[in-house]
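Chains as they are written, first to last, in the numbering used here: chain A, 42 to 136; chain B, 42 to 136; chain C, 58 to 179; chain D, 58 to 179. For every residue, glycine included, the Cβ atom is placed at its ideal position computed from N, Cα and C. Structure record follows, encoded as structure tokens.
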Amino acid sequence: MARGTIRYWAAAREAAGLAEEPYDAVTLGEALAAARAKHAENQAFADVLRRSSFLVDGQPVGSRDPDSVALPDGGTVEVLPPFAGGSAGGRGGSP
Amino acid sequence: MARGTIRYWAAAREAAGLAEEPYDAVTLGEALAAARAKHAENQAFADVLRRSSFLVDGQPVGSRDPDSVALPDGGTVEVLPPFAGGSAGGRGGSP
Amino acid sequence: MLRAVADPTAGGTALFVGTVRDHDHGREVTRLSYSAHPSAEQQLREVVEKVAAEFPVRAVAALHRVGDLELGEAAVVVAVACDHRAEAFDACRRLIDDLKHTVPIWKHQFFADGDAEWVGMC
Amino acid sequence: MLRAVADPTAGGTALFVGTVRDHDHGREVTRLSYSAHPSAEQQLREVVEKVAAEFPVRAVAALHRVGDLELGEAAVVVAVACDHRAEAFDACRRLIDDLKHTVPIWKHQFFADGDAEWVGMC
Numbered sequence: 042m043a044r045g046t047i048r049y050w051a052a053a054r055e056a057a058g059l060a061e062e063p064y065d066a067v068t069l070g071e072a073l074a075a076a077r078a079k080h081a082e083n084q085a086f087a088d089v090l091r092r093s094s095f096l097v098d099g100q101p102v103g104s105r106d107p108d109s110v111a112l113p114d115g116g117t118v119e120v121l122p123p124f125a126g127g128s129a130g131g132r133g134g135s136p
Numbered sequence: 042m043a044r045g046t047i048r049y050w051a052a053a054r055e056a057a058g059l060a061e062e063p064y065d066a067v068t069l070g071e072a073l074a075a076a077r078a079k080h081a082e083n084q085a086f087a088d089v090l091r092r093s094s095f096l097v098d099g100q101p102v103g104s105r106d107p108d109s110v111a112l113p114d115g116g117t118v119e120v121l122p123p124f125a126g127g128s129a130g131g132r133g134g135s136p
Numbered sequence: 058m059l060r061a062v063a064d065p066t067a068g069g070t071a072l073f074v075g076t077v078r079d080h081d082h083g084r085e086v087t088r089l090s091y092s093a094h095p096s097a098e099q100q101l102r103e104v105v106e107k108v109a110a111e112f113p114v115r116a117v118a119a120l121h122r123v124g125d126l127e128l129g130e131a132a133v134v135v136a137v138a139c140d141h142r143a144e145a146f147d148a149c150r151r152l153i154d155d156l157k158h159t160v161p162i163w164k165h166q167f168f169a170d171g172d173a174e175w176v177g178m179c
Numbered sequence: 058m059l060r061a062v063a064d065p066t067a068g069g070t071a072l073f074v075g076t077v078r079d080h081d082h083g084r085e086v087t088r089l090s091y092s093a094h095p096s097a098e099q100q101l102r103e104v105v106e107k108v109a110a111e112f113p114v115r116a117v118a119a120l121h122r123v124g125d126l127e128l129g130e131a132a133v134v135v136a137v138a139c140d141h142r143a144e145a146f147d148a149c150r151r152l153i154d155d156l157k158h159t160v161p162i163w164k165h166q167f168f169a170d171g172d173a174e175w176v177g178m179c
């Protein structure tokens, strides 16, 4: 198992109610599943996680399957909700 | 025959070497033919006349046949070379 | 110009600034002079009104200078404010294109070699 | 911003200014707040460099503000100077579109009814 930090940004941070929390998992998929379980009753959190993109130690995960992304020990997973321009498929409401 | 004034603008004025000259003709076609004859040896004048659009008393002649455009007595014919954007078919050199 | 189209309902303003270029078709330009037909202002107003009618604009502004201009100076500025950027760009582009093609303004270009040329004539 | 892209070789500069709109989807907006991921500046630089590589630009500039903004204030400004206006418009449009889609900046919108919303989330 690898231990590290999940950092939440913008809408993710607001939904999670915190900026960071630890992960203890082998893959990104596992870490996210654990986070979802921890915030199980929090619909907003599940919503934003579903629409977010992720970085592992600053590198975009992109379209790779989270279950295939191994997490480093002492690493950082960042949860990035869709940008103002609606990058991750979110409907862009900005001009 | 109708008498009036032909007014030249920009490149037309430069080519004609004068801002205005009288016309004495029934139609726009006749007036222009007379002007070409008067400036017969002036190639620049013929060039610019060929590319210009015309107003009669402020109204655009547009695509009407000059020979079918009757000139009013005391009227004004204006000779407008192509605009900066290359309106009258001139190749627009501006940005 | 931005204040002229400042509008709290607008989300995006597209602008275009036409400046005096120091070359044209490989020839070095030193100076430019614009002259306008008396009907130019009215024609410009009609171009602006047509754009305002055809696009969901919040504000439109257009300005063209006449007389002698130095290199790099702005000769024409147009601006369109809309709720969304796609419309602002489309309207702004139509505005400058229509302006260049219908407003009776002539551009006299002076080259370093002493020669001069009326743009749109050659 | 215009000075940033002032270039005597350029004939046309296209700009886009994104401002704080007072409504979104029929709801009255009172305030906006932008927050940026630490990589935002680098991402913005890459977007600008890509446009500079793909279009015949003479100069490119882009600016995005973060923090709280009032109605009507400019949040983002991009500008591209080229020899001709068609290229300037195309490049400017690509620049703002790419910026909006790739630079990690989030927009938090506050409504008159006290509600708030992250743009791009719904």
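* What are the start and end residues of the beta strand (DSSP E) that includes residue 159 (chain C)? -> As a first step, residue 159 (chain C) must be located in the third sequence, where it is residue number 102. In the DSSP assignment, residue 159 (chain C) falls outside any beta strand (DSSP E) and within the unbroken alpha helix (DSSP H) covering 142-159.
* Closer than 7 Å by C-beta to residue 129 (chain A): which residues in its own chain qualify, once you throw out the five before and the five after it? Chain order, please. => Numbered from its first residue, the first sequence carries residue 129 (chain A) at position 88. Here residue 129 (chain A) scores only 42 on pLDDT, less than 50, and its place in the model is too uncertain to base an answer on.
* Helix or strand or just coil, what does DSSP make of residue 58 (chain B)? -> Working through the second sequence from its first residue, we reach residue 58 (chain B) at position 17. In this structure, residue 58 (chain B) counts as coil in the three-state DSSP scheme.
* Does the separation of the CB atoms of residue 48 (chain B) and residue 120 (chain B) fall below 8 Å? -> Indexing the second sequence from 1 puts residue 48 (chain B) at position 7. Indexing the second sequence from 1 puts residue 120 (chain B) at position 79. Going by C-beta atoms, residue 48 (chain B) is nearer than 8 Å to residue 120 (chain B).
* Just how far apart, CA to CA, sit residue 74 (chain A) and residue 124 (chain D)? -> As a first step, residue 74 (chain A) is located in the first sequence; it is residue number 33 there, counting from the start. As a first step, residue 124 (chain D) is located in the fourth sequence; it is residue number 67 there, counting from the start. Rounded to whole angstroms, residue 74 (chain A) to residue 124 (chain D) spans 32 Å at the Cα level.
* Taking 8 Å as the CB-CB cut-off, is residue 137 (chain D) touching chain C? -> Mapped onto the fourth sequence, residue 137 (chain D) falls at position 80. Closer than 8 Å: no.
* Taking the alpha carbon of residue 177 (chain D) as the point to measure from, which residue in D:121, D:66, D:81, D:102 has its own alpha carbon closest? -> As a working mapping, residue 177 (chain D) is identified with position 120 in the fourth sequence. For residue 177 (chain D), the closest of D:121, D:66, D:81, D:102 by C-alpha to C-alpha distance is D:81.
* Asked: Start and end of the beta strand (DSSP E) containing residue 91 (chain B)?
  -> Taking the second sequence and counting its residues from 1, one reaches residue 91 (chain B) at position 50. Careful: residue 91 (chain B) lies outside any beta strand (DSSP E), inside the alpha helix (DSSP H) at 84-92.
* Asked: Which residue comes first and which comes last in the beta strand (DSSP E) that contains residue 136 (chain D)?
  -> To locate residue 136 (chain D), count along the fourth sequence from 1; it is residue 79. Per DSSP, residue 136 (chain D) belongs to the beta strand (DSSP E) from 131-139.
* To do: Could you give the DSSP three-state label for residue 88 (chain C): helix, strand or coil?
  => Sequence index remark: in the third sequence, residue 88 (chain C) carries index 31 (1-based). Strand, per DSSP.
* To do: Scan the segment 144-164 of chain C for residues whose Cβ lies nearer than 8 Å to a Cβ of chain B and list them as they occur along the chain.
  => Look at the segment 144-164 of chain C: the residues with a C-beta under 8 Å from a C-beta of chain B are 154, 156, 157, 158, 159, 160, 161, 162, 163, 164.
* To do: Go ahead and label residue 105 (chain B) buried or exposed: buried means 16 or more other beta carbons lie within 10 angstroms of its beta carbon, across all protein chains shown.
  => Taking the second sequence and counting its residues from 1, the one referred to as residue 105 (chain B) is at position 64. In this structure residue 105 (chain B) is exposed. Its beta-carbon is surrounded by fewer than 16 other beta-carbon atoms within 10 angstroms.
* Asked: Would you call the segment 63-71 of chain B and the segment 58-73 of chain C touching, i.e. three or more CB-CB distances under 8 Å?
  -> Put simply, the segment 63-71 of chain B does not touch the segment 58-73 of chain C. Fewer than three CB pairs are less than 8 Å apart.
* Asked: When we look at the beta-carbon of residue 115 (chain B) and count the other beta-carbons within 10 Å, is it buried (16 or more) or exposed?
  -> Stepping through the second sequence from its first residue, residue 115 (chain B) is reached at position 74. Exposed is the call here.
* Output the boundary residues of the alpha helix (DSSP H) element that contains residue 102 (chain C). => Here residue 102 (chain C) is taken as the residue at index 45 of the third sequence, counted from 1. Residue range 97-111 is occupied by the alpha helix (DSSP H) that includes residue 102 (chain C).
* For a contact meaning CB atoms closer than 9 Å, what does residue 126 (chain C) contact in chain D? -> As a working note, residue 126 (chain C) is residue 69 in the third sequence. Result: empty, since nearest Cβ-Cβ is about 12 Å, beyond 9 Å.
* Which residue from D:91, D:132, D:140, D:119 puts its Cα closest to that of residue 113 (chain D)? -> Within the fourth sequence, residue 113 (chain D) is the residue found at index 56, counting from 1. The candidate whose alpha carbon is nearest that of residue 113 (chain D) is D:140.
* C-alpha gap between residue 88 (chain C) and residue 133 (chain C), whole angstroms -> As a working note, residue 88 (chain C) is residue 31 in the third sequence. As a working note, residue 133 (chain C) is residue 76 in the third sequence. Residue 88 (chain C) and residue 133 (chain C): Cα-Cα distance of roughly 15 Å.
* Asked: Given 8 Å as the limit, is there contact between the segment 97-113 of chain D and the segment 91-98 of chain C, that is, 3 or more CB pairs closer than that?
  -> The answer is no - the segment 91-98 of chain C does not touch the segment 97-113 of chain D, with fewer than three Cβ pairs under 8 Å.
* **Same chain only: Cβ atoms within 6 Å of residue 103 (chain A), ignoring 5 sequence neighbours per side** => Counting from one through the first sequence, the residue named residue 103 (chain A) turns up at place 62. In its chain, beyond the 5 residues on either side, no residue has a beta carbon closer than 6 Å to the beta carbon of residue 103 (chain A).
* Give the secondary structure of residue 173 (chain C) by DSSP, where H, G and I count as helix, E and B as strand, and everything else as coil. => If you number the third sequence from 1, residue 173 (chain C) lands on position 116. Three-state result, residue 173 (chain C): strand.
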